[in-house]
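To start, the structure under review is shown below, and the notes come after it.
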Amino acid sequence: MELDLLDVHFDLKDIKPREIEEALEDPFSVRFLPDRDRSDGETRYYALGRTVEDRYLFLCFWTDGKKARVVAVRDLT
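Taking our numbering, I'd label the letters of the sequence shown as residues 6 to 82.
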């Protein structure tokens with residue numbers, strides 16, 4: 006899945022794109038399914054994942070199956 010990180014509302018210096026990819030591809034990550042369908046064909050998910058460097062992230066992203074647009078990401082505390 007390709008990441009769309011244009012015009013994001015978080016600092017890419019604090020959380021690097023590589024870390025976002027690692028958290029999304031973590032085989033033990035938890036994804037919460039959407040509560041309703043959207044009319045534009047995209048689905049919004051929430052995920053809890055871990056990076057290779059043992060950093061835990063909370064992510065909110067939209068996907069259409071081919072591309073994922075990250076809306077928000079932050080450290081889990």
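Heads up, the beta-carbon is just placed ideally off N, CA and C, and yes, glycines get one too.
Outcome for residue i when other beta-carbon atoms lying within 10 angstroms are tallied against a minimum of 16
i	result
residue 70	exposed
residue 7	exposed
Beta-carbon gap between residue i and residue j smaller than 7 Å
i	j	result
residue 79	residue 63	yes
residue 11	residue 22	no
residue 66	residue 76	yes
Residue from the options whose Cα sits closest to the Cα of residue i
i	options	result
residue 52	26, 58, 45, 44	26
residue 33	19, 55, 82	55
residue 48	61, 59, 36, 28	36
residue 72	50, 61, 81, 31	50
Euclidean distance between Cα positions of residue i and residue j
i	j	result
residue 44	residue 68	13 Å
residue 89	residue 13	Any answer about residue 89 is impossible in this case: the structure gives the chain only from 6 up to 82.
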